[in-house]
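Have a look at the structure below before the remarks.
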Amino acid sequence: MDTGRSLTSRSHTKRADRLRSDDGLSEVIGFILIIAIIMIFLSLWMVYVVPAEGRQQEIEHMNYVRNWFTQYKITADSLWVNHDDDTKELTGMTFSNSIVLGSQGAATQAGGLFLPVMSPVGSTGAIEVVSVAAEGGGVERIRISNGVDSIEESLVRLEFISNNNYWVQQSYYYQMGGVFLRQQTGTVARIAPLISFYDIGQDRIRADIVFLKIDAGGQSGISGQGPVRVDTTLRNVIDEEILPSPPGAEPVIELILSDNNAAKGWRNILKERGAPDPVLANNVITIDLDEDDEIQFRYANFSISKQSVATLVD
795 MDTGRSLTSR SHTKRADRLR SDDGLSEVIG FILIIAIIMI FLSLWMVYVV PAEGRQQEIE
855 HMNYVRNWFT QYKITADSLW VNHDDDTKEL TGMTFSNSIV LGSQGAATQA GGLFLPVMSP
915 VGSTGAIEVV SVAAEGGGVE RIRISNGVDS IEESLVRLEF ISNNNYWVQQ SYYYQMGGVF
975 LRQQTGTVAR IAPLISFYDI GQDRIRADIV FLKIDAGGQS GISGQGPVRV DTTLRNVIDE
1035 EILPSPPGAE PVIELILSDN NAAKGWRNIL KERGAPDPVL ANNVITIDLD EDDEIQFRYA
1095 NFSISKQSVA TLVD
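Numbering follows my numbering, with no gaps: position 65 of the sequence shown is 859.
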């Protein structure tokens, strides 16, 4: 009898030990499954949610850059348009604009449970005043001539260049009073430059050109993610002149651009501005006017300086 009870007791003890072992194994398996589910969730979040959020932030930032250049153009135009040639009242006037170079990204996200890895990486950008090299030599420029004399001026840019992580790379630049968007698919004029063509009667055309010149004062570009202050000063405005045309001479306007996309962007906007048959060849746009047509021009000279603005990020 005692032997039977002993065997039964040992059997119950082994069964209890086995149950406790199974319970422990179940807990380990359950924990591993929970970790696996969390990892799957994090993987899906990083593959789909983070890029989508980053793309949206960069799209919004590029829209902000577009609006910044639009406002910049309006302010710059207001200076030279309202400049009094007699009193020189606005000569030396400076206006300041701040532009944020990057989308900020994870720098603006909350801390604590929000891991940086679960937030999109902020984009960066650069802003500079630059004379872009033309493919045939020299820099981008515009030339007007009357068959005897010619005037040639550089087409300097104030340009923002993106360094996006999730959205297409885009550049906005201000050139000769116009705002252009450059990306891989081509270049388009968002706002027309300061050149137009109109009928002055008797089957004659006048080309009206403002040579908007920009001097960077030897400064290099600034890149990063934070804000940069851009100070623009109106140096002077020169009165309108008519390019004299000798008898029998036909005025010509030429734009020498950096690449085919830039040239196409300029040609398209020149057509919209009334240019008669602009011809594009080898990144050079040529507009041949008739003998009786006129070219009227004036100068608006600006200087631009840039400075990083210190900010405090919590």
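Each residue gets a CB set at the ideal place from its N, CA and C atoms; glycine is no exception.
Threshold first: 3 residues or longer. Then list the beta strand (DSSP E) segments lying entirely within the segment 1048–1077, N to C.
1073–1075
For L873, the three-state DSSP class (helix, strand or coil):
Within the sequence shown, residue 873 is the residue found at index 79, counting from 1. Helix, per DSSP.
So what does DSSP say about Q850, is it helix, strand or coil?
For the purposes of this step, residue 850 is identified with residue 56 of the sequence shown, where counting begins at 1. Note: Q850 maps to helix in three-state DSSP.
Local conformation of L988 per DSSP, three classes
Against the sequence shown, residue 988 aligns to sequence position 194. It is coil, neither helix nor strand.
When burial is assigned at 16 or more other CB atoms within 10 Å of the CB, is A830 buried or exposed?
Taking the first residue of the sequence shown as 1, we reach residue 830 at position 36. Classification for A830: exposed.
Mind listing, in chain order, the continuous beta strand (DSSP E) runs of no fewer than 3 residues lying wholly within the segment 1003–1033?
1016–1018
How far does the beta strand (DSSP E) with N959 in it extend, from its first residue to its last?
In the sequence shown, residue 959 corresponds to position 165, counting from 1. No beta strand (DSSP E) holds N959; DSSP gives it neither H nor E.
Inter-residue spacing [alpha-carbon to alpha-carbon] between R1000 and M840
Counted from its first residue, the sequence shown places residue 1000 at position 206. Counted from its first residue, the sequence shown places residue 840 at position 46. Cα to Cα, the separation comes out at about 58 Å.
Could you give the distance in angstroms between the alpha-carbon of I985 and the alpha-carbon of L1064?
The residue given as residue 985 occupies position 191 in the sequence shown. The residue given as residue 1064 occupies position 270 in the sequence shown. Taking the straight line from one Cα to the other gives about 12 Å.
Beta-carbon separation of A928 and S1052 under 8 Å?
Looking up residue 928 in the sequence shown gives position 134. Looking up residue 1052 in the sequence shown gives position 258. Cβ distance < 8 Å, so A928 and S1052 count as in contact.
Is it a yes or a no for the segment 925–941 touching the segment 1037–1047, going by three-plus beta-carbon pairs under 8 Å?
yes
Proximity below 8 Å, CB of I853 to CB of W961
The count along the sequence shown starts at 1 and reaches residue 853 at position 59. The count along the sequence shown starts at 1 and reaches residue 961 at position 167. Result yes, Cβ atoms of I853 and W961 sit closer than 8 Å.
According to DSSP, is A983 helix, strand or coil?
For the purposes of this step, residue 983 is taken as the residue at position 189 of the sequence shown. The answer is strand: DSSP assigns A983 an E or B state.
Check whether the segment 861–879 and the segment 990–999 touch, using three or more Cβ-Cβ pairs below 8 Å as the test.
no
Which two residues bound the contiguous beta strand (DSSP E) that contains E883?
Start at 1 with the first residue of the sequence shown, and residue 883 comes out as number 89. Neither: E883 is in no beta strand (DSSP E) and is coded neither H nor E.
Does the beta-carbon of N958 have 16 or more other beta-carbons within 10 angstroms, so that it is buried, or is it exposed?
Counting from one through the sequence shown, the residue named residue 958 turns up at place 164. Looking at its Cβ environment, which holds 16 or more other Cβ atoms inside 10 Å, N958 is buried.
Are the Cβ atoms of L1028 and M887 separated by less than 8 Å?
Your numbering for residue 1028 matches position 234 in the sequence shown. Your numbering for residue 887 matches position 93 in the sequence shown. Yes; because the gap between Cβ atoms is below 8 Å, this pair is in contact.
If you draw a straight line from the alpha carbon of T869 to that of G1011, how long is it in whole angstroms?
As a working mapping, residue 869 is identified with position 75 in the sequence shown. As a working mapping, residue 1011 is identified with position 217 in the sequence shown. If I take the Cα positions, the gap works out to 21 Å.
Reduced DSSP category for Q1119 - H, G, I as helix; E, B as strand; rest coil:
Residue 1119 is absent from the structure shown; the chain starts at 795 and stops at 1108.
When burial is assigned at 16 or more other CB atoms within 10 Å of the CB, is P914 buried or exposed?
Along the sequence shown, one-based indexing puts residue 914 at 120. Result: buried.
C-beta contact flag for Q964 and L975 at 8 Å
Reading the sequence shown from its first residue, position 170 is the one you call residue 964. Reading the sequence shown from its first residue, position 181 is the one you call residue 975. Result yes, Cβ atoms of Q964 and L975 sit closer than 8 Å.
Closest residue to A983 among D1033, E1066 and Y1093 (Cα-Cα distance)
Taking the first residue of the sequence shown as 1, we reach residue 983 at position 189. When only C-alpha atoms are compared, the closest one is E1066.
Report yes if the C-beta distance between T1112 and I1098 is below 8 Å; otherwise report no.
Outside the shown range of the chain, which is 795 to 1108, sits residue 1112, and nothing can be said about it.
In its own chain, which residues sit with a C-beta less than 7 Å from the C-beta of S897, not counting the 5 before and 5 after it?
By 1-based counting over the sequence shown, the position of residue 897 is 103. Here the set comprises Q851, E852, H855, G916 and S917.
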